[in-house]
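Taking the numbering used here, the leading residue of the sequence shown gets 30, the next gets one more, and so forth.
Ideal placement from N, C-alpha and C gives every residue a C-beta, glycine not left out.
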Amino acid sequence: MYLVDTNVMLAASAILELSNVATRAMPQEIELRETIYEWLAEFDLSDRRIVLDEEGLVRAEYERNMPFNMHEQEYGMRVLQSKIDRMLVEYVPIDSLEANGEHIAVLDPTHELLVPDREDRKWVACALAAQILFDQVPPIVYGAETDWFIAEAQLMAIGLCFQRLLPDDWYTSRVAAG
């Protein structure tokens, strides 16, 4: 089981010529986008499962960031649909609330301190829910996301795990640049 952060879906989609996300997806470096694309393509063809929340927060973020364009569906959304069609999705229950026009996941207050970006809380909530339901923690797979890199050690201390798709020096150079 895997939780696939939206930045992975965007970077993999940005490889394709007709993608509408190419200008805003990170990383900008083509060879790094290709690394992410290769991971997602392998994941797509595998029988490995993707984790989504029953509230629909993860899927809503995917759809918001990768809307259908007039040429074709973004690659990341095609991967999601493939997993749904092949029944390779695990849905987990999470708590959520409406706040300032946003639908966000609710975490234990001590965990919220570890995840300052409210949009990222859904991934943590899903990982914790999967741990309870399946007695295993799916890794949060991320690409060009320094927030995860910064928070990773503290989140690992509460039992989460991660899979980085870019070289460590990519993250450290961006964190150092502030």
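For R203, the CB contacts under 6 angstroms within the same chain, skipping 5 residues up- and downstream, are T175 in chain order. Shown here, E67 sits in a helix according to DSSP, grouped into three states. For the options A134, I113, P168, I44, the alpha carbon positioned closest to that of M185 is the one of P168. Counting along the chain, the unbroken alpha helix (DSSP H) around A154 starts and ends at 150 to 163. Where Q110 is concerned, the enclosing alpha helix (DSSP H) starts and stops at 104 to 114. The Cβ-Cβ distance between Y31 and V170 falls below 7 angstroms. DSSP links E58 through a beta bridge to no other residue. Every alpha helix (DSSP H) of 4 residues or more that sits fully in the segment 163 to 194 is shown, in chain order, as 175 to 185.
Non-local beta-carbon contacts of V118 in its own chain, meaning distances under 6 angstroms to residues more than five positions away in sequence, involve I79, L81, K112 in chain order. A54 sits close to A43, with the two beta carbons spaced by under 7 angstroms. Beta-bridge partners of S125 (DSSP): A134.
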